[in-house]
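Numbering (my numbering), first residue to last: 761 to 1057.
Reading through the C-alpha coordinates given below for one structure.
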(Lines of atoms letter the chains of each structure in order from A and count residues from 1; the text may use other names and numbers.)
(Lines give C-alpha, C1' and ligand atoms only; values in the text may rest on other atoms or scores of the structure.)
Protein backbone atom coordinates (compact mmCIF):
# COMPACT_ATOMS: atom_id res chain seq x y z
CA UNK A 1 0.00 0.00 0.00
CA UNK A 2 1.40 3.37 -1.03
CA UNK A 3 2.25 5.82 1.70
CA UNK A 4 1.19 9.46 1.82
CA UNK A 5 2.56 12.36 -0.15
CA UNK A 6 4.79 14.51 2.07
CA UNK A 7 6.26 17.97 1.66
CA UNK A 8 10.06 18.21 1.61
CA UNK A 9 11.95 21.43 0.88
CA UNK A 10 9.59 22.81 -1.74
CA UNK A 11 8.43 19.55 -3.32
CA UNK A 12 5.57 17.12 -2.78
CA UNK A 13 6.99 13.61 -2.90
CA UNK A 14 5.92 10.07 -1.92
CA UNK A 15 6.88 9.36 1.68
CA UNK A 16 8.94 6.34 0.67
CA UNK A 17 11.04 8.54 -1.64
CA UNK A 18 11.63 11.34 0.88
CA UNK A 19 14.97 11.56 2.66
CA UNK A 20 16.83 13.97 4.92
CA UNK A 21 20.61 14.25 5.20
CA UNK A 22 22.34 12.31 7.97
CA UNK A 23 24.07 15.62 8.74
CA UNK A 24 20.79 17.44 9.33
CA UNK A 25 20.81 19.09 12.76
CA UNK A 26 17.22 18.10 13.39
CA UNK A 27 18.33 14.46 13.22
CA UNK A 28 21.62 14.95 15.08
CA UNK A 29 20.53 17.30 17.88
CA UNK A 30 16.78 17.87 17.76
CA UNK A 31 17.73 21.36 16.53
CA UNK A 32 14.32 22.09 15.05
CA UNK A 33 10.91 23.58 15.72
CA UNK A 34 7.54 22.14 14.86
CA UNK A 35 3.79 22.58 14.89
CA UNK A 36 0.94 20.12 14.49
CA UNK A 37 -2.07 21.53 12.64
CA UNK A 38 -5.55 19.97 12.49
CA UNK A 39 -7.62 20.00 9.32
CA UNK A 40 -11.40 19.73 9.20
CA UNK A 41 -13.29 19.26 5.95
CA UNK A 42 -10.09 19.70 3.96
CA UNK A 43 -9.24 23.05 5.58
CA UNK A 44 -6.41 23.70 8.04
CA UNK A 45 -7.61 25.22 11.33
CA UNK A 46 -6.01 28.03 13.35
CA UNK A 47 -3.34 28.57 10.70
CA UNK A 48 -2.50 32.07 11.94
CA UNK A 49 -2.03 30.96 15.54
CA UNK A 50 0.12 27.99 14.54
CA UNK A 51 2.28 30.11 12.24
CA UNK A 52 2.84 32.73 14.94
CA UNK A 53 3.89 30.09 17.44
CA UNK A 54 6.19 28.39 14.92
CA UNK A 55 7.80 31.74 14.12
CA UNK A 56 8.11 32.49 17.84
CA UNK A 57 9.73 29.12 18.50
CA UNK A 58 12.20 29.70 15.66
CA UNK A 59 13.04 33.17 16.96
CA UNK A 60 13.64 31.84 20.47
CA UNK A 61 16.32 29.45 19.19
CA UNK A 62 17.86 31.97 16.79
CA UNK A 63 16.50 30.46 13.58
CA UNK A 64 14.71 32.22 10.72
CA UNK A 65 11.82 30.55 8.93
CA UNK A 66 12.22 30.31 5.14
CA UNK A 67 8.58 31.32 4.51
CA UNK A 68 5.95 33.83 5.63
CA UNK A 69 2.46 33.08 6.89
CA UNK A 70 1.03 32.89 3.36
CA UNK A 71 3.64 30.29 2.40
CA UNK A 72 2.88 28.28 5.54
CA UNK A 73 -0.84 28.30 4.71
CA UNK A 74 -0.21 27.40 1.06
CA UNK A 75 1.93 24.37 1.96
CA UNK A 76 -0.76 23.06 4.32
CA UNK A 77 -3.57 23.55 1.79
CA UNK A 78 -1.65 21.98 -1.08
CA UNK A 79 -0.54 18.99 1.00
CA UNK A 80 -4.14 18.30 2.01
CA UNK A 81 -5.16 18.46 -1.65
CA UNK A 82 -2.25 16.23 -2.76
CA UNK A 83 -3.42 13.54 -0.33
CA UNK A 84 -7.16 14.05 -0.77
CA UNK A 85 -7.52 14.44 3.00
CA UNK A 86 -10.51 16.02 4.72
CA UNK A 87 -9.86 15.36 8.41
CA UNK A 88 -6.16 15.16 9.14
CA UNK A 89 -3.19 16.09 11.27
CA UNK A 90 -0.26 17.87 9.64
CA UNK A 91 3.11 17.77 11.41
CA UNK A 92 5.13 20.78 10.20
CA UNK A 93 8.85 20.59 11.08
CA UNK A 94 11.63 23.06 10.33
CA UNK A 95 15.19 22.13 11.27
CA UNK A 96 18.20 24.43 11.20
CA UNK A 97 19.39 22.34 8.26
CA UNK A 98 22.63 20.66 7.31
CA UNK A 99 25.77 21.80 9.10
CA UNK A 100 29.33 21.58 7.77
CA UNK A 101 30.23 18.98 10.42
CA UNK A 102 28.42 16.87 13.05
CA UNK A 103 29.26 19.24 15.91
CA UNK A 104 26.97 21.29 18.19
CA UNK A 105 28.11 24.67 16.78
CA UNK A 106 25.23 25.91 14.57
CA UNK A 107 27.49 28.15 12.46
CA UNK A 108 27.43 27.36 8.77
CA UNK A 109 23.80 26.25 8.52
CA UNK A 110 22.41 28.25 5.63
CA UNK A 111 19.27 26.42 4.46
CA UNK A 112 16.62 25.13 6.88
CA UNK A 113 15.07 21.75 6.18
CA UNK A 114 11.26 21.83 5.93
CA UNK A 115 9.23 18.63 6.26
CA UNK A 116 5.44 18.32 6.55
CA UNK A 117 3.88 14.93 7.27
CA UNK A 118 0.12 14.25 6.95
CA UNK A 119 -1.96 11.57 8.61
CA UNK A 120 -5.72 11.01 8.60
CA UNK A 121 -7.78 11.46 11.75
CA UNK A 122 -9.93 8.39 12.49
CA UNK A 123 -13.70 8.81 12.95
CA UNK A 124 -14.64 10.31 16.30
CA UNK A 125 -16.00 7.82 18.85
CA UNK A 126 -18.31 9.61 21.26
CA UNK A 127 -18.48 6.79 23.79
CA UNK A 128 -14.70 6.36 23.84
CA UNK A 129 -14.39 10.11 24.34
CA UNK A 130 -16.86 10.09 27.22
CA UNK A 131 -14.88 7.29 28.87
CA UNK A 132 -11.89 9.64 29.00
CA UNK A 133 -8.25 8.73 29.46
CA UNK A 134 -6.11 7.60 32.36
CA UNK A 135 -3.14 9.74 33.39
CA UNK A 136 -0.24 9.45 35.80
CA UNK A 137 1.95 12.04 37.47
CA UNK A 138 5.34 11.66 35.86
CA UNK A 139 8.64 11.26 37.73
CA UNK A 140 10.13 13.26 34.86
CA UNK A 141 9.69 16.96 35.74
CA UNK A 142 8.85 19.79 33.38
CA UNK A 143 11.93 21.50 31.97
CA UNK A 144 12.60 24.64 34.05
CA UNK A 145 12.18 27.91 32.10
CA UNK A 146 15.72 28.83 33.19
CA UNK A 147 17.04 25.88 31.16
CA UNK A 148 14.96 26.18 27.99
CA UNK A 149 12.10 28.53 27.22
CA UNK A 150 9.02 26.26 27.31
CA UNK A 151 7.28 28.53 24.80
CA UNK A 152 9.69 27.21 22.14
CA UNK A 153 8.19 24.06 20.63
CA UNK A 154 11.36 22.28 19.61
CA UNK A 155 12.42 18.86 18.42
CA UNK A 156 14.37 18.45 21.66
CA UNK A 157 11.46 16.45 23.09
CA UNK A 158 13.21 13.69 25.02
CA UNK A 159 11.92 14.54 28.50
CA UNK A 160 8.33 14.44 27.20
CA UNK A 161 9.00 11.16 25.38
CA UNK A 162 10.32 9.66 28.62
CA UNK A 163 7.24 10.89 30.48
CA UNK A 164 4.91 9.37 27.88
CA UNK A 165 6.82 6.07 27.98
CA UNK A 166 6.41 6.03 31.77
CA UNK A 167 2.68 6.66 31.41
CA UNK A 168 2.29 3.88 28.85
CA UNK A 169 4.15 1.45 31.10
CA UNK A 170 1.58 2.21 33.80
CA UNK A 171 -1.44 1.76 31.54
CA UNK A 172 -2.08 5.48 31.03
CA UNK A 173 -2.47 7.59 27.90
CA UNK A 174 -0.93 10.82 29.19
CA UNK A 175 1.66 11.93 31.73
CA UNK A 176 1.25 14.98 33.96
CA UNK A 177 4.49 16.90 34.52
CA UNK A 178 5.21 18.91 37.67
CA UNK A 179 7.26 22.09 37.81
CA UNK A 180 10.22 22.85 40.10
CA UNK A 181 7.82 23.92 42.88
CA UNK A 182 5.92 20.63 42.69
CA UNK A 183 2.84 22.15 41.07
CA UNK A 184 1.17 20.86 37.92
CA UNK A 185 2.77 22.24 34.77
CA UNK A 186 1.23 20.45 31.79
CA UNK A 187 0.68 17.13 30.12
CA UNK A 188 3.55 15.60 28.19
CA UNK A 189 1.64 16.35 24.98
CA UNK A 190 -1.15 18.59 26.23
CA UNK A 191 -2.29 21.40 28.50
CA UNK A 192 -4.36 20.57 31.57
CA UNK A 193 -7.57 22.13 32.91
CA UNK A 194 -9.51 21.43 36.07
CA UNK A 195 -12.99 22.32 37.27
CA UNK A 196 -13.68 23.17 40.91
CA UNK A 197 -17.14 24.41 41.92
CA UNK A 198 -17.99 25.30 38.33
CA UNK A 199 -14.89 27.44 37.73
CA UNK A 200 -12.20 26.48 35.22
CA UNK A 201 -8.52 26.62 36.24
CA UNK A 202 -5.37 25.97 34.22
CA UNK A 203 -1.70 26.56 35.07
CA UNK A 204 -0.50 30.05 34.05
CA UNK A 205 1.04 30.60 30.62
CA UNK A 206 4.14 32.21 32.14
CA UNK A 207 5.04 29.02 34.03
CA UNK A 208 6.86 25.88 32.89
CA UNK A 209 4.39 25.16 30.09
CA UNK A 210 4.09 25.36 26.34
CA UNK A 211 0.97 27.54 25.94
CA UNK A 212 -1.04 25.54 23.44
CA UNK A 213 -3.06 26.97 20.57
CA UNK A 214 -6.00 24.81 21.67
CA UNK A 215 -5.50 25.95 25.28
CA UNK A 216 -5.96 29.58 24.24
CA UNK A 217 -9.02 28.80 22.12
CA UNK A 218 -10.63 26.76 24.91
CA UNK A 219 -10.14 29.66 27.31
CA UNK A 220 -11.71 31.94 24.69
CA UNK A 221 -14.82 29.82 24.21
CA UNK A 222 -15.10 29.18 27.96
CA UNK A 223 -15.28 32.91 28.60
CA UNK A 224 -17.80 33.29 25.78
CA UNK A 225 -19.86 30.60 27.53
CA UNK A 226 -19.79 32.61 30.76
CA UNK A 227 -17.57 30.13 32.61
CA UNK A 228 -15.26 31.64 35.24
CA UNK A 229 -11.65 31.06 34.13
CA UNK A 230 -8.52 31.26 36.26
CA UNK A 231 -4.86 30.83 35.38
CA UNK A 232 -3.14 29.84 38.61
CA UNK A 233 -1.07 27.13 40.27
CA UNK A 234 -2.61 23.68 40.76
CA UNK A 235 -1.08 21.35 43.36
CA UNK A 236 -1.20 17.56 43.02
CA UNK A 237 -3.41 17.53 46.13
CA UNK A 238 -5.92 19.85 44.47
CA UNK A 239 -5.67 17.92 41.21
CA UNK A 240 -6.99 14.77 42.84
CA UNK A 241 -9.99 16.63 44.22
CA UNK A 242 -11.20 18.21 40.99
CA UNK A 243 -14.82 17.86 39.93
CA UNK A 244 -13.52 17.42 36.38
CA UNK A 245 -10.16 17.32 34.63
CA UNK A 246 -9.46 17.45 30.92
CA UNK A 247 -6.49 18.00 28.65
CA UNK A 248 -6.30 19.91 25.39
CA UNK A 249 -4.21 19.72 22.26
CA UNK A 250 -4.72 19.96 18.51
CA UNK A 251 -5.61 16.31 18.04
CA UNK A 252 -7.56 15.65 21.22
CA UNK A 253 -9.35 19.00 21.19
CA UNK A 254 -10.91 18.64 24.67
CA UNK A 255 -10.18 15.21 26.20
CA UNK A 256 -11.66 14.20 29.59
CA UNK A 257 -9.33 12.76 32.22
CA UNK A 258 -10.95 9.77 33.89
CA UNK A 259 -8.25 9.08 36.47
CA UNK A 260 -4.93 10.29 37.87
CA UNK A 261 -2.59 7.63 39.29
CA UNK A 262 -5.49 5.18 39.30
CA UNK A 263 -7.77 7.48 41.29
CA UNK A 264 -11.04 8.39 39.50
CA UNK A 265 -11.78 12.05 38.84
CA UNK A 266 -15.43 12.91 39.47
CA UNK A 267 -17.47 9.93 38.32
CA UNK A 268 -14.60 8.73 36.14
CA UNK A 269 -16.14 9.96 32.88
CA UNK A 270 -16.54 13.16 30.90
CA UNK A 271 -18.16 15.87 32.97
CA UNK A 272 -20.65 18.56 31.92
CA UNK A 273 -18.04 21.31 31.52
CA UNK A 274 -15.91 19.18 29.19
CA UNK A 275 -19.02 18.29 27.16
CA UNK A 276 -19.99 21.95 26.94
CA UNK A 277 -16.53 23.14 25.97
CA UNK A 278 -16.03 20.50 23.28
CA UNK A 279 -19.30 21.58 21.70
CA UNK A 280 -18.31 25.25 21.94
CA UNK A 281 -14.86 24.55 20.50
CA UNK A 282 -16.36 22.72 17.54
CA UNK A 283 -18.78 25.58 16.94
CA UNK A 284 -15.72 27.84 16.76
CA UNK A 285 -14.18 25.51 14.16
CA UNK A 286 -17.42 25.61 12.16
CA UNK A 287 -17.58 29.43 12.28
CA UNK A 288 -14.01 29.87 11.15
CA UNK A 289 -13.84 27.23 8.45
CA UNK A 290 -17.44 26.91 7.33
CA UNK A 291 -17.35 23.15 7.93
CA UNK A 292 -18.71 20.75 10.52
CA UNK A 293 -16.18 19.07 12.80
CA UNK A 294 -16.26 15.26 12.71
CA UNK A 295 -18.75 13.91 15.25
CA UNK A 296 -19.86 17.46 16.04
CA UNK A 297 -20.90 17.49 19.71
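Using N, Cα and C, we set each Cβ at its ideal position, and we do this for glycine too.
As the structure is a prediction and not an experimental result, all values here were calculated from the model.
Exercise. Roughly how many angstroms lie between the CA atoms of residue 839 and residue 866, to the nearest whole one?
Worked result: Counting from 1 along the chain shown, the entry for residue 839 is found at position 79. Counting from 1 along the chain shown, the entry for residue 866 is found at position 106. So the two alpha carbons sit approximately 30 Å from each other.
Exercise. What are the start and end residues of the beta strand (DSSP E) that includes residue 894?
Worked result: Against the chain shown, residue 894 aligns to sequence position 134. Run containing residue 894: 893-897, per the beta strand (DSSP E) assignment.
Exercise. Three or more C-beta pairs closer than 8 Å, one from the segment 981-989 and one from the segment 1040-1049: is that the case here?
Worked result: yes
Problem set entry | Span of the beta strand (DSSP E) around residue 880 | For the purposes of this step, residue 880 is taken as the residue at position 120 of the chain shown. 873-880 is the span of the beta strand (DSSP E), which, as asked, contains residue 880.
Exercise. Taking three-plus beta-carbon pairs below 8 Å as touching, is the segment 1018-1035 in contact with the segment 879-899?
Worked result: yes
For this session: Keeping to the same chain, check which residues put their C-beta closer than 6 Å to that of residue 823; ignore five residues upstream and five downstream.
Result: Counting from 1 along the chain shown, the entry for residue 823 is found at position 63. Answer for residue 823: 856, listed in chain order.
Exercise. Which residues mark the beginning and the end of the beta strand (DSSP E) in which residue 1037 is found?
Worked result: Numbered from its first residue, the chain shown carries residue 1037 at position 277. Residue 1037 -> not in any beta strand (DSSP E); alpha helix (DSSP H) instead, spanning 1032-1049.
Problem set entry | For residue 798, the three-state DSSP class (helix, strand or coil) | Taking the chain shown and counting its residues from 1, one reaches residue 798 at position 38. Residue 798: strand per DSSP, three-state reduction.
Exercise. Roughly how many whole angstroms lie between the Cα atoms of residue 744 and residue 949?
Worked result: Absent from the model: residue 744. The displayed extent of the chain is 761 to 1057, so no value can be given.
Problem set entry | Cα-Cα separation, residue 969 to residue 903 | Counting from one through the chain shown, the residue named residue 969 turns up at place 209. Counting from one through the chain shown, the residue named residue 903 turns up at place 143. So the two alpha carbons sit approximately 9 Å from each other.
Problem set entry | Nearest residue (CA-CA) to residue 794, options 848, 877, 788 | For the purposes of this step, residue 794 is taken as residue 34 along the chain shown, with counting starting at 1. Of 848, 877, 788, the residue nearest in Cα terms is 877.
Exercise. Would DSSP call residue 1001 helix, strand or coil?
Worked result: The residue labelled residue 1001 in the question sits at position 241 within the chain shown. In the structure shown, residue 1001 sits in coil (DSSP, three-state: anything other than H, G, I, E or B).
For this session: Could you spell out the range, first to last residue, of the beta strand (DSSP E) harbouring residue 981?
Result: Working through the chain shown from its first residue, we reach residue 981 at position 221. Taken as a continuous stretch (DSSP letters only), residue 981 belongs to no beta strand (DSSP E), being part of the alpha helix (DSSP H) at 973-984.
Problem set entry | Where residue 927 sits in the DSSP three-state scheme | As a working note, residue 927 is residue 167 in the chain shown. Three-state result, residue 927: helix.
For this session: Check the DSSP bridge columns for residue 848 and list the partner residues they point to.
Result: Translated into the one-based positions of the chain shown, residue 848 becomes position 88. DSSP output for residue 848 lists 799, 880 as bridge partner(s).
Exercise. How many Å lie between residue 917 and residue 811 at the Cα?
Worked result: As a position in the chain shown, residue 917 is number 157, starting the count at 1. As a position in the chain shown, residue 811 is number 51, starting the count at 1. One C-alpha to the other measures close to 20 Å.
Exercise. Assuming residue 874 and residue 769 make a contact with CB atoms under 8 Å, what is their CB distance in whole Å?
Worked result: On the chain shown, position 114 is the one that residue 874 refers to. On the chain shown, position 9 is the one that residue 769 refers to. 6 Å between Cβ atoms; contact.
Problem set entry | Strand pairing of residue 1013, partner residues [DSSP] | By one-based count along the chain shown, residue 1013 stands at place 253. Residue 1013 is bridged to 1009.
Exercise. Ends of the alpha helix (DSSP H) at residue 829?
Worked result: The residue you call residue 829 lines up with position 69 of the chain shown. Here the alpha helix (DSSP H) through residue 829 covers 829-843.
For this session: Would you grab the beta carbon distance between residue 938 and residue 932 for me? Rounded to a whole angstrom, and I think it's under 8 Å.
Result: The residue labelled residue 938 in the question sits at position 178 within the chain shown. The residue labelled residue 932 in the question sits at position 172 within the chain shown. Contact doesn't hold; Cβ gap of about 15 Å is too wide.
Problem set entry | Neighbourhood of residue 913 by C-beta, 8 Å cutoff - its chain only, sequence neighbours within 5 removed | Against the chain shown, residue 913 aligns to sequence position 153. The residues are 793, 794, 795, 813, 814, 817, 970.
For this session: Could you pull out every residue in the same chain whose Cβ sits closer than 8 Å to the Cβ of residue 995, ignoring the five residues on either side in sequence?
Result: By one-based count along the chain shown, residue 995 stands at place 235. For residue 995, where only same-chain residues beyond five positions count, the Cβ hits under 8 Å are 942, 943, 944.
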